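S.K.: Let me begin by handing over the structure; questions about it come next.
There are 2 protein chains.
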Amino acid sequence: MTKGSDPYSVLPVAKAMQVFAYVASQAHDVTLTEVVQALGMPKTTVFRYLQTLSAAGLFAHDIVQDRYGVGERFRELARTDAIYHSLRSTAQGELDGLVGGFRETVNLAVLADDEVVYVDIREATRSQRFQARIGHRHPVHSTSLGKAMAAFLPAETVERLVRPEYEQRTYRTLTDARTFRRHVEEARRRGFAMETGENEDGVTCIGVPILDGKGYPIAAVSLSAPDNRMKAMVDRAAGALQDAARRITASLPPISLHV
Amino acid sequence: MTKGSDPYSVLPVAKAMQVFAYVASQAHDVTLTEVVQALGMPKTTVFRYLQTLSAAGLFAHDIVQDRYGVGERFRELARTDAIYHSLRSTAQGELDGLVGGFRETVNLAVLADDEVVYVDIREATRSQRFQARIGHRHPVHSTSLGKAMAAFLPAETVERLVRPEYEQRTYRTLTDARTFRRHVEEARRRGFAMETGENEDGVTCIGVPILDGKGYPIAAVSLSAPDNRMKAMVDRAAGALQDAARRITASLPPISLHV
DNA sequence: GTGCCGTGTTTCGCTTTACGAAATAAGCGA
DNA sequence: TCGCTTATTTCGTAAAGCGAAACACGGCAC
Chain Y
0 MTKGSDPYSV
10 LPVAKAMQVF
20 AYVASQAHDV
30 TLTEVVQALG
40 MPKTTVFRYL
50 QTLSAAGLFA
60 HDIVQDRYGV
70 GERFRELART
80 DAIYHSLRST
90 AQGELDGLVG
100 GFRETVNLAV
110 LADDEVVYVD
120 IREATRSQRF
130 QARIGHRHPV
140 HSTSLGKAMA
150 AFLPAETVER
160 LVRPEYEQRT
170 YRTLTDARTF
180 RRHVEEARRR
190 GFAMETGENE
200 DGVTCIGVPI
210 LDGKGYPIAA
220 VSLSAPDNRM
230 KAMVDRAAGA
240 LQDAARRITA
250 SLPPISLHV
Chain E
0 MTKGSDPYSV
10 LPVAKAMQVF
20 AYVASQAHDV
30 TLTEVVQALG
40 MPKTTVFRYL
50 QTLSAAGLFA
60 HDIVQDRYGV
70 GERFRELART
80 DAIYHSLRST
90 AQGELDGLVG
100 GFRETVNLAV
110 LADDEVVYVD
120 IREATRSQRF
130 QARIGHRHPV
140 HSTSLGKAMA
150 AFLPAETVER
160 LVRPEYEQRT
170 YRTLTDARTF
180 RRHVEEARRR
190 GFAMETGENE
200 DGVTCIGVPI
210 LDGKGYPIAA
220 VSLSAPDNRM
230 KAMVDRAAGA
240 LQDAARRITA
250 SLPPISLHV
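Chain order of the listed sequences is Y and E.
Mapping of the first sequence onto numbering that gives the first Met the number 0: position 26 corresponds to residue 25, and the numbering continues sequentially without gaps.
Mapping of the second sequence onto numbering that gives the first Met the number 0: position 159 corresponds to residue 158, and the numbering continues sequentially without gaps.
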């Protein structure tokens, strides 16, 4: 019954997840005995799991009624996942289209902890020597993705991204706040950000933000190519990226991560 | 760090929930080592949790990329909770209004496993002898709540609720399918269901369905009062219930539980 | 008031079993 | 091909999860 044939299954965790699933699927807040009767586990065991899950914030324990329900922390995680899941799945086709149309590498990234985090990467060529990997992080100031998002962030947030200790990734990396602000300003005006050899020698990137329903830059898409190849297609690339970003925005759920 | 000061905290569960929270909050699918580095836990431990959570369906393990992400089962639970949470919180004020206006007991219930499950109950009087409790279940055929929901269910689902073994709760409880269908039919025509002493002697109930965005009866509200008191206010009660249900429907999220 | 359920909480001793270091395997890039 | 990184497996130990049973608590009934 509770057995997980997997040899690596941790029993307490597996059983606690049964409790979790039961509570989350009920329309009402549940009592200890109700869970015990529904799942056929010993009272003490269920009691401990309910306590543990409440302590973790996933459940909320209504002391006066002695009932357990799903907690706000769980809902927050669920919202975050829903947005990111939607972002990735709706971006899917657009990324494919871009890489097919330009035969260059396409990136999807979000902003987390004031860094650019790569979420999806489609590489046109096999040579992925210097390519980022999913989950890798790059500074905001050295990437077109970062500058594209910064361009649609509230001013005070942008100021926070202006670090005194700018990481110098290449000899072209922006190293002063003034230039960074100017680039961001220009990105906002043009609707796309550019970066030429500032993150990686010989590679030019064009980045466009993906705005959520509230106009907040939840993510960004970019096309990166060797300087010489990119030079010939800046306008066409920027336009294609903007179209893609618009379509992704349109099919995003109406909820927002930010307030 | 991982300590749960609670004496009843189950450590494996608490730590697994840290892993859970980390994975759910990332925009990208994660690798084992990424979680290890982020949370500072031993590799083997995290590995086991990832396996366990994947086996439970909360995570999805992308074998080819060896990456873990949130699974569909989690999203399903999250959707269910979001709907029920929204239902309860938006119903809150309406239930208060109804109990304040009529000074009689007001119920909120959903349909689960072909039974009526009480989700919220506001009692006007102290005497709660025969009142239902949150989480308790009653048959569909003996309650106004059940008949109200059945009235807006697809025909084939209603047929499933027609049980040969109708539980006879009082001498008035409907015991044959023909009469049940007639009551449901009448409820659909009038927009509210009635039940007089069929679930509990001397008590009359009026029930109204709460429809979701798709027109599916996700829940129902009812007012219950002693037969004599109810007789004088049937129309007024039905109207008030319908207004409340309409308003609850209006503030429900646009997602649906059903297909 | 008194006593009996049906709750939730606490204790406690016994193993079970989770743990994590280290060894192994598997990929992948150079 | 080698060497690095990452995932998996093994294994012995000791921690700690387990659940029966005892306890506390509150509400209802009589």
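Glycine is no exception: its CB is placed at the ideal position from the N, C-alpha and C atoms.
Remember, predicted model here, so these are calculated numbers, not experimental data.
Tell me, please, which residues DSSP counts as bridged to D119(Y).
M.R.: L107(Y)
S.K.: With a 10 Å radius around its C-beta and 16 neighbouring C-beta atoms as the bar for buried, classify Q50(E) as buried or exposed.
M.R.: Flag for Q50(E) reads buried.
S.K.: Work out the CA separation of A20(Y) and L288(E) for me, nearest whole Å.
M.R.: With chain E covering only 0 through 258, there is no way to say anything about residue 288(E).
S.K.: What three-state label does DSSP hand T174(E) in the structure shown?
M.R.: coil
S.K.: Thinking just about the alpha-carbon of each residue, which of R235(E), D80(E), E158(E) and A111(E) is nearest to the one in A219(E)?
M.R.: Measuring from the Cα of A219(E), the nearest candidate turns out to be A111(E).
S.K.: By alpha-carbon positions, which one of A249(E), P11(E), Q36(E) and T203(E) ends up nearest to G214(E)?
M.R.: Among A249(E), P11(E), Q36(E) and T203(E), the Cα nearest to that of G214(E) belongs to A249(E).
S.K.: State the DSSP-derived secondary structure class of H84(Y), mapped to helix, strand or coil.
M.R.: In the structure shown, H84(Y) sits in a helix (DSSP, three-state: H, G or I).
S.K.: When DSSP labels each residue in this structure, what does V161(Y) get in the three-state scheme?
M.R.: coil
S.K.: Taking 9 Å as the cut-off, decide whether the C-beta atoms of Q25(Y) and L38(Y) are in contact.
M.R.: no
S.K.: Measuring only the C-alpha atoms, how far is A147(Y) from A244(Y)?
M.R.: 12 Å
S.K.: Under 9 Å between C-beta atoms, does T51(E) make it to chain Y?
M.R.: yes
S.K.: Alpha carbon to alpha carbon, what distance is there between P6(E) and A176(E)?
M.R.: 54 Å
S.K.: For G206(E), I'd like the list of residues in its chain whose CB is within less than 6 Å of its CB, leaving aside the five on either flank, ordered along the chain.
M.R.: These residues qualify, in order along the chain: S143, L144, A147, A192, A219 and S221.
S.K.: Label R230(Y) either buried or exposed according to how many other C-beta atoms from any shown protein chain fall within 10 Å of its C-beta, with 16 as the threshold for buried.
M.R.: For the record, residue 230(Y) in the displayed sequence is Lys; it is not Arg. The residue is exposed, with fewer than 16 neighbouring Cβ atoms inside 10 Å.
S.K.: Between the segment 46-66 of chain E and the segment 94-109 of chain E, are three or more C-beta pairs nearer than 8 Å?
M.R.: no
S.K.: Looking at chain E, which residues of the segment 76-104 of chain Y have a Cβ within less than 8 Å of any of its Cβ atoms?
M.R.: L76, A77, T79, D80, A81, Y83, H84, L86 and R87
S.K.: For M0(Y), which three-state DSSP category applies?
M.R.: Any reading at M0(Y) must be qualified, since the residue scores a pLDDT of 40, below 50, and its modelled position is unreliable; no value is offered.
S.K.: Assuming the contact rule is C-beta atoms closer than 8 Å, V109(Y) and L94(Y) should be a hit. Round their C-beta distance to whole Å, please.
M.R.: Going by Cβ atoms, the distance from V109(Y) to L94(Y) rounds to 14 Å, so no, they are not a contact pair.
S.K.: I'd like to check one pair, V116(E) with H140(E): are the Cβ atoms closer than 9 Å?
M.R.: no
S.K.: Quick check: what's the CA-CA separation for L57(Y) versus T124(E)?
M.R.: 35 Å
S.K.: For G3(Y), decide whether its Cβ has a neighbour in chain E, counting only Cβ atoms nearer than 9 Å.
M.R.: In this prediction, G3(Y) scores a pLDDT of 48, lower than 50, which makes its location untrustworthy; no coordinate-derived value is stated.
S.K.: Quick one, are the C-beta atoms of Y83(Y) and H27(E) less than 9 Å apart?
M.R.: Yes.
S.K.: Applying a beta-carbon distance threshold of less than 7 Å, which residues of chain E neighbour F58(Y)?
M.R.: Near F58(Y) there are no residues of chain E at all, since even the closest Cβ is about 10 Å away, more than 7 Å.
S.K.: Which two residues bound the contiguous alpha helix (DSSP H) that contains S53(E)?
M.R.: K42 to A54
S.K.: Indicate whether at least one CB of chain Y lies closer than 9 Å to the CB of M0(E).
M.R.: Unreliable positioning characterises M0(E) in this predicted model, as indicated by a pLDDT of 40, which lies under 50. The coordinate reading is nonetheless provided below. Closer than 9 Å: no.
S.K.: Let me know if A154(E) comes out buried or exposed under the rule of 16 or more other beta-carbons within 10 Å of its beta-carbon.
M.R.: By the neighbour-count rule (16 or more Cβ atoms within 10 Å), A154(E) is not buried but exposed.
S.K.: To the nearest angstrom, how far is it from the Cα of R47(E) to the Cα of V34(E)?
M.R.: 12 Å
S.K.: Since F151(E) meets chain Y, which of its residues come closer than 8 Å, beta carbon to beta carbon?
M.R.: Result: empty, since nearest Cβ-Cβ is about 17 Å, beyond 8 Å.
S.K.: Since P11(E) is in the alpha helix (DSSP H), which residue starts that stretch and which ends it?
M.R.: L10 to S24
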